[in-house]
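**Student:** Mind having a look at this structure? Questions to follow.
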Amino acid sequence: TDAPRCLADLIETFRAQLRDDPDVASAVAAIRALLGFLKQDRGETIQGLRSSLLAAINTLSRVDSSVAVSSGGELFLRFISLTSLEYSDYSKCKEIMIERGEIFLRKVSLSRNKIAKLCHPFIRDGARILTHAYSRVVLRVLEAAVESKKRFSVYVTESQPDQAGQKMAKALRKLNIPVTVILDAAVGYIMEKVDLVLVGAEGVVESGGIINKIGTNQIAVCAKAQNKPFYVVAESFKFVRLFPLNQQDVPDKFKYKADTLKTGQNLTEEHPWIDYTSPSLITLLFTDLGVLTPSAVSDELIKLYL
Amino acid sequence: SGELMDLIRTEGRRMTAAQPSETTVGNMVRRVLKVIREEYGRLHGRSEESDQQESLHKLLTSGGLSEDFSTPYPPLRANVIEAINELLIELEGTTDNIAMQALEHIHSNEVIMTIGYSRTVEAFLKEAARKRKFQVIVAECAPFCQGHEMAVRLSKENIETTVMSDAAIFAVMSRVNKVIIGTKTILANGALIAVSGTHTLALAAKHHSTPLIVCAPMFKLSPQFPNEEDSFHKFVSPQEVLPFTEGEILAKINVHCPVFDYVPPELITLFISNIGGNAPSYIYRLMSELYHPDDYEL
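The listed protein sequences correspond, in order, to chains A and B. In this text, residue positions in the first sequence follow full-length UniProt numbering: the first is 1, and each later residue adds one. In this text, residue positions in the second sequence follow full-length UniProt numbering: the first is 1, and each later residue adds one.
The structure is reproduced here in structure tokens:
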């Protein structure tokens, strides 16, 4: 039948996008793949469309179980529901969906630049910045700061177990920014020398907290203890409908990679890849919807989902 | 109306560049711009006024890019003038609106602390004094010592007032029930730019878990964030700190006389404004009601 072939195509489109453009956010790649899936879906009803999309999103999360893909998928589903409410005729509805989907993708491709424009005034001349692991949004912000002729230096944590910090350091050296790679354990030591902390996020939760690479929570706690501002940069499609009260509340499917989950072995022996940082530790969030305090995030989510 | 908005924006930029510490000028320009956008939207036939902001919802459902303001509408001018007159009436009534809330917050036999001279706080306390009996301690707020004038005005209304120096703030704080202050500007994250000495007062209040109440009208709310620590400072002649008569010493030292202080939002308990009482974490919401995001940068 058609279904398995379409899903396999979907996975292939998703993977191809990540391969061809390493700079694209995984949520954007997921949404683009889902839009392609929508275009060649041959169902006749909204219900049918929804169920095939749900199946598609499940397949995608089995390939890449990160928070970003999940939030991208949910946003797309929401997008479908909202559009279908306005038009009762299915074929017209589908046309509008495809058109709006393209506009949405175009808008989100501009989101990193918007964020960079909002955030770089917060970096003063001579600032020392601490960042964590590899974040393309942070890279873009620092690039914008360099373009506005500011001089600053950056400390990057090594970010085990995949040494993502080294990748970040390499990219920063290409921009001629003085970089120092530090051990993850050295964050408490270096915090007194630092002026501000700037991290990206894989997901922004309803409380205004963030889900990011493991180690972010520690950095936030140290920053709070020494009164350093902790800034988060994230695009708006990363807003996710979770409300974790502690680290255990974050679902297992986000904590571990998709391959580990598939093997079904005992997860207590595994190291999680992400942690949750509570909103009381975050000073400001920079998103393409503007500069938000953590309490403003839930407002944005309510506006969308209710 | 696009041309009108550009004209206002240019004038606004000139005025704010002339005196950057007077943020209310920029705020009023932004209010007027928002009024024009609303009136234009109403005539243009847009039913929702609440969807002015960027939101995830808008990202998903909108069909195109933002609107331009080029269609001329004859009644637009009259509508805008009427709306601006309403704004003027609102501005004139702000102090009274704030003072009306005084009785809810001040109770009998309380000790209230304030710093410097604020007309809003003066009206607030005077209104409460008509029905309640309480004491006020005023920190003099050197070097201009505006606290003295505040104390004189309050005592004329038969309020028991004490003046003390700024150094004694922490010492006296344990006897104080509430701290009520005015401010120069309220920033977008809920922080304050207030007279020099307010940060000390706020820290002392936090240490003793004393509530800090800020009385300020809404026109002082500015959509700027404190992105550069030195950008809001205004320094005046150090003559007040160390007079020029001490010429010999002056040659060997640096003297500064900053006028303003930055108070972070964690130290503030409540904002009382003409639209009621709000927590500092709610300020972002008030901002979105007063100004349009495209106008944050004039």
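Ideal Cβ placement from N, Cα and C applies to all residues, glycine included.
1. Does the distance from the CB of A/Glu-143 to the CB of A/Leu-175 come in under 8 Å?
2. Going by CA-CA distance only, name the one from B/Glu-140, B/Ala-279, B/Val-25 and B/Cys-215 that's closest to B/Thr-95.
3. Inspect the beta-carbon positions of A/Val-199 and A/His-132 and report whether they are closer than 8 Å.
4. In the DSSP assignment, find the unbroken alpha helix (DSSP H) run with A/Arg-119 in it and report its ends.
5. If you check the beta carbons only, do B/Gln-146 and B/Ala-188 fall under 8 Å apart?
6. What residue does the alpha helix (DSSP H) around A/His-271 start on, and which one ends it?
7. Pull up the distance between the alpha-carbon of A/Val-28 and that of A/Gly-72, whole angstroms please.
8. Comparing the C-beta of B/Ser-209 with each C-beta of chain A, is any distance below 8 Å?
9. How far does the beta strand (DSSP E) with B/Phe-260 in it extend, from its first residue to its last?
10. Drop a sphere of 10 angstroms on the beta-carbon of B/Tyr-73, count the other beta-carbons inside from all chains shown, and report buried for 16 or more, exposed for fewer.
11. Tell me whether the beta-carbon of A/Gly-215 lies closer than 8 Å to the beta-carbon of A/Ser-159.
12. For B/Phe-225, decide whether its Cβ has a neighbour in chain A, counting only Cβ atoms nearer than 8 Å.
13. Can you tell me whether A/Arg-62 is helix, strand or coil according to DSSP?
14. Exposed or buried, what is B/Val-236 when buried is set at 16 or more other beta-carbons lying within 10 Å of its beta-carbon?
15. For B/Lys-34 and B/Asp-294, I'd like the C-alpha separation in whole angstroms.
16. When you compare each of B/Phe-134, B/Ile-169, B/His-199 and B/Ile-84 to B/Ile-112 by their alpha carbons, which one comes out closest?
17. Quick one: which chain A residues come within Cβ less than 9 Å of B/Ser-281?
18. Report the three-state DSSP secondary structure of B/Leu-65 (helix, strand or coil).
19. Rank B/Ile-180, B/Leu-267, B/Leu-88 and B/Leu-125 by C-alpha distance to the C-alpha of B/Ser-209 and give the top, closest one.
20. Please confirm if B/Gly-63 has its CB atom under 8 Å from at least one CB of chain A.
21. Is it true that the CB of B/Lys-184 sits closer than 8 Å to the CB of B/Ala-194?
22. Which whole-angstrom value describes the C-beta separation of A/Tyr-87 and A/Thr-45, a residue pair presumed to lie in contact below a C-beta threshold of 8 Å?
23. B/Tyr-73 versus chain A: which residues are under 9 Å apart at the beta carbon?
24. Suppose contacts are defined by Cβ-Cβ distances below 8 Å. Is A/Ile-302 in contact with A/Pro-294 by that definition?
25. Residues bridged to A/Glu-86 by DSSP?
26. Would you identify the three-state DSSP class for B/Gln-53, choosing helix, strand or coil?
27. Mind checking which residues open and close the alpha helix (DSSP H) that includes A/Gln-160?
28. Would you kindly check if the distance between the Cβ of A/Ile-274 and the Cβ of A/Lys-213 is under 8 Å?
29. Decide yes or no for the touch test of the stretch 123-143 of chain B against the stretch 155-174 of chain B: beta carbon pairs closer than 8 Å, at least 3 of them.
30. Please name the residue, chosen from A/Cys-222, A/Pro-272 and A/Phe-237, that lies closest to A/Ser-280 on a Cα-to-Cα basis.
31. By the 10 Å Cβ neighbour count, where 16 or more other Cβ atoms means buried, how is B/Gly-64 classified, buried or exposed?
32. For B/Arg-13 and chain A, any beta-carbon pair shorter than 8 Å?
33. Can you give me the start and stop residues for the alpha helix (DSSP H) that B/Ala-123 sits inside?
34. Going by DSSP, which residues form a beta bridge with B/Ala-194?
35. Does the Cβ-Cβ distance between B/Tyr-291 and B/Arg-31 come in under 8 Å?
36. By the three-class DSSP mapping on this structure, what secondary structure does A/Thr-283 have?
**Tutor:** The relevant details are as follows:
1. In the first sequence, the residue the question calls residue 143 of chain A occupies position 143. In the first sequence, the residue the question calls residue 175 of chain A occupies position 175. With contacts defined as CB atoms closer than 8 Å, A/Glu-143 and A/Leu-175 qualify as a contacting pair.
2. Locating residue 95 of chain B in the second sequence gives position 95, where the first residue counts as 1. Selected option, being the one with the closest Cα: B/Cys-215.
3. For this step, residue 199 of chain A is matched to residue 199 along the first sequence. For this step, residue 132 of chain A is matched to residue 132 along the first sequence. Contact: yes.
4. The residue you call residue 119 of chain A lines up with position 119 of the first sequence. Checking the sequence shown, residue 119 of chain A turns out to be Cys, not Arg. Its alpha helix (DSSP H) spans residues 111-119.
5. As a working note, residue 146 of chain B is residue 146 in the second sequence. As a working note, residue 188 of chain B is residue 188 in the second sequence. When the beta-carbon positions are compared, B/Gln-146 and B/Ala-188 stay at least 8 Å from each other.
6. Within the first sequence, numbered from 1, the residue matching residue 271 of chain A stands at position 271. No alpha helix (DSSP H) holds A/His-271; DSSP gives it neither H nor E.
7. Here residue 28 of chain A refers to the residue found at position 28 of the first sequence. Here residue 72 of chain A refers to the residue found at position 72 of the first sequence. For the pair A/Val-28 and A/Gly-72, the Cα-to-Cα distance works out to about 7 Å.
8. Here residue 209 of chain B refers to the residue found at position 209 when the second sequence is read from its first residue. No, no contact with chain A.
9. Working through the second sequence from its first residue, we reach residue 260 of chain B at position 260. Counting along the chain, the unbroken beta strand (DSSP E) around B/Phe-260 starts and ends at 260-263.
10. Walking along the second sequence from the start, residue 73 of chain B turns up at place 73. In the assembly as shown, B/Tyr-73 is an exposed residue. Its beta-carbon has fewer than 16 other beta-carbons within 10 Å.
11. Taking the first residue of the first sequence as position 1, residue 215 of chain A is located at position 215. Taking the first residue of the first sequence as position 1, residue 159 of chain A is located at position 159. A contact, by the Cβ cut-off of 8 Å.
12. For the purposes of this step, residue 225 of chain B is taken as residue 225 along the second sequence, with counting starting at 1. Judged by the 8 Å Cβ criterion, B/Phe-225 is in contact with chain A.
13. Indexing the first sequence from 1 puts residue 62 of chain A at position 62. Correct three-state label for A/Arg-62: helix.
14. Start at 1 with the first residue of the second sequence, and residue 236 of chain B comes out as number 236. Burial call: exposed.
15. Sequence index remark: in the second sequence, residue 34 of chain B carries index 34 (1-based). Sequence index remark: in the second sequence, residue 294 of chain B carries index 294 (1-based). For B/Lys-34 and B/Asp-294, the distance between alpha carbons rounds to 10 Å.
16. Residue numbering aside, residue 112 of chain B sits at position 112 when the second sequence is read from its first letter. Among B/Phe-134, B/Ile-169, B/His-199 and B/Ile-84, the Cα nearest to that of B/Ile-112 belongs to B/Phe-134.
17. For the purposes of this step, residue 281 of chain B is taken as residue 281 along the second sequence, with counting starting at 1. Close to B/Ser-281, with beta-carbon spacing below 9 Å, are these residues of chain A in chain order: Thr-293, Pro-294, Ser-295 and Ala-296.
18. Taking the second sequence and counting its residues from 1, the one referred to as residue 65 of chain B is at position 65. With a pLDDT of only 45 at B/Leu-65, under the threshold of 50, the placement of this residue in the model should not be trusted; the figure read from the coordinates follows. It is coil, neither helix nor strand.
19. Counted from its first residue, the second sequence places residue 209 of chain B at position 209. Comparing Cα-Cα distances from B/Ser-209 to each of B/Ile-180, B/Leu-267, B/Leu-88 and B/Leu-125, the minimum goes to B/Leu-267.
20. Walking along the second sequence from the start, residue 63 of chain B turns up at place 63. Because the pLDDT at B/Gly-63 is just 47, under 50, the model does not fix this residue reliably, and the value given afterwards should be weighed accordingly. Yes, its Cβ sits closer than 8 Å to a Cβ of chain A.
21. For the purposes of this step, residue 194 of chain B is taken as residue 194 along the second sequence, with counting starting at 1. For the purposes of this step, residue 184 of chain B is taken as residue 184 along the second sequence, with counting starting at 1. Cβ atoms of B/Ala-194 and B/Lys-184: closer than 8 Å.
22. As a working note, residue 87 of chain A is residue 87 in the first sequence. As a working note, residue 45 of chain A is residue 45 in the first sequence. Rounded, the Cβ-Cβ distance is 13 Å, inconsistent with contact.
23. Locating residue 73 of chain B in the second sequence gives position 73, where the first residue counts as 1. In chain order: nothing, as chain A lies at least about 28 Å away.
24. Working through the first sequence from its first residue, we reach residue 302 of chain A at position 302. Working through the first sequence from its first residue, we reach residue 294 of chain A at position 294. Not in contact: A/Ile-302 and A/Pro-294 (Cβ atoms no closer than 8 Å).
25. Residue 86 of chain A sits at position 86 when you count from the first residue of the first sequence. DSSP links A/Glu-86 through a beta bridge to no other residue.
26. Working through the second sequence from its first residue, we reach residue 53 of chain B at position 53. Model confidence at B/Gln-53 stands at a pLDDT of 49, short of 50, so the residue's coordinates are unreliable and nothing is read from them.
27. Counting from one through the first sequence, the residue named residue 160 of chain A turns up at place 160. No alpha helix (DSSP H) holds A/Gln-160; DSSP gives it neither H nor E.
28. By 1-based counting over the first sequence, the position of residue 213 of chain A is 213. By 1-based counting over the first sequence, the position of residue 274 of chain A is 274. It is a contact, given that the beta carbons lie within the stated cut-off.
29. In the pairwise beta carbon analysis, the stretch 123-143 of chain B is classified as touching the stretch 155-174 of chain B: at least three pairs are separated by under 8 Å.
30. Looking up residue 280 of chain A in the first sequence gives position 280. Selected option, being the one with the closest Cα: A/Cys-222.
31. Within the second sequence, residue 64 of chain B is the residue found at index 64, counting from 1. Confidence at B/Gly-64 is low in this model, with a pLDDT of 46, below 50, so its placement is unreliable and the value that follows should be read with caution. It is exposed - the Cβ of B/Gly-64 has fewer than 16 other Cβ atoms within 10 Å.
32. As a position in the second sequence, residue 13 of chain B is number 13, starting the count at 1. Answer no: the Cβ-Cβ gap between B/Arg-13 and chain A never drops below 8 Å.
33. Translated into the one-based positions of the second sequence, residue 123 of chain B becomes position 123. Unbroken alpha helix (DSSP H) run through B/Ala-123: 119-129.
34. Translated into positions along the second sequence, residue 194 of chain B becomes position 194. Paired residue(s): B/Asp-261.
35. Residue mapping note: residue 291 of chain B aligns to position 291 of the second sequence, counting from 1. Residue mapping note: residue 31 of chain B aligns to position 31 of the second sequence, counting from 1. Taking C-beta atoms as the reference points, B/Tyr-291 and B/Arg-31 count as a pair closer than 8 Å.
36. Here residue 283 of chain A refers to the residue found at position 283 when the first sequence is read from its first residue. The answer is coil: DSSP assigns A/Thr-283 none of H, G, I, E or B.
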